[in-house]
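Since the structure comes first, as structure tokens, the remarks are kept for the end.
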Amino acid sequence: MSNLKVGVEVVGAYDLMAKDGQGSCSAFVEFHFDGQKFRTTTKDNDLNPIWNETFYINITNPSKLPNLTLDARVYHYNKSNSSKVFLGKVRLRGTSFVPYSDALLVHYPLKKKFIFSRFKGRLGLKVFVTDDPSSIGGSIYHVPDVEPCSMNTDQDTHYELNSIASCLGLQSSYGNGPKQTWYDQNLIK
């Protein structure tokens, strides 16, 4: 079994859809990766919840990381019938994961489940790859004047990754020539 893990810092969400009939919601995030499922605590009566919770998910086969996705779904917990109501989702590809030192907090726009669903809001995540979670500090920072990215298509993904790499002063090969990512260059040896 590999020691490689995906770290997910669930920082917060903002501008969520009210779902409790009183202009608020009780939100939590549930995410799935590599056959594993995790969940944050529920933040009651808050359209802009802050979690600041970090999870480390084992990667069962690191060579398959580029083909894996992290699905983060935001739900409202309905206390009256103990059910969950979908508020939106974020899907990230394994090719976008970087080491902790290069990871940035990004506020991803929530996507809807169905074409005619009403939705709004953003989810703040910092996602990274590490082989030693104990060496990672607890600081979370936001880079000012950086637009949140939405990864709708491969072209958008390559553009955003090139933009992030450029801001960090890194040489980027995202989308140029053969598909090669930071992961390909640094983690698979």
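Under my numbering, residues 316 to 504 are what the sequence shown spells out, in order. The beta-carbon is built from N, C-alpha and C at its ideal position, and this holds for glycine as well. In this text the structure is predicted, and so the values were computed from the model without any measurement.
Measure the beta-carbon distance from residue i to residue j and round it to whole angstroms, keeping in mind my assumption that it falls under 8 Å.
i	j	result
GLY436	LEU402	7 Å
PHE443	PRO414	6 Å
Flag this pair as yes or no: are the beta carbons of residue i and residue j separated by less than 8 Å?
i	j	result
LYS399	ALA418	no
LYS358	SER341	yes
THR384	GLU368	no
ASN360	ALA328	no
LEU319	ILE372	no
VAL326	PHE346	no
For residue i, which of the options has the nearest alpha-carbon?
i	options	result
PRO424	VAL389, GLY409, LYS320 and ASN396	VAL389
VAL321	PHE348, HIS422, ASP361 and ILE365	PHE348
LEU535	HIS422, LYS394 and ILE451	Given that the chain is displayed from residue 316 to residue 504, the structure contains no residue 535 and the question cannot be resolved.
LYS352	ILE365, SER416, ASN396 and ASP386	ASP386
GLY409	ASN376, LEU420, ASN396 and SER397	ASN376
PHE343	SER450, GLY350, ILE451 and LYS394	LYS394
Rounded to whole angstroms, what is the Cα-Cα separation between residue i and residue j?
i	j	result
LYS404	ASP446	27 Å
LYS427	ARG406	11 Å
GLU475	PRO448	Reliability fails at GLU475, whose pLDDT of 46 lies under 50, so the model's placement of it is uncertain and the value that follows must be treated cautiously. Each residue's alpha carbon lies about 26 Å from the other.
GLY336	TYR392	13 Å
SER416	ASN396	43 Å
PRO381	ILE365	29 Å
Might you give, ordered along the chain, the residues of its own chain that have their beta carbon closer than 7 Å to the beta carbon of residue i, omitting 5 neighbours on each side?
i	result
LYS379	none
SER450	none
Grab me the residues of residue i's own chain with a C-beta within less than 8 Å of its C-beta, minus the 5 sequence neighbours each way, in chain order.
i	result
PRO333	Note that residue 333 corresponds to Ala in the displayed sequence, not to Pro. Only SER339, CYS340 and LEU362 meet the Cβ criterion.
GLY350	THR375
Here's a check: name, in chain order, each residue in its chain whose Cβ is nearer than 6 Å to the Cβ of residue i, leaving out the five neighbours to either side.
i	result
SER411	none
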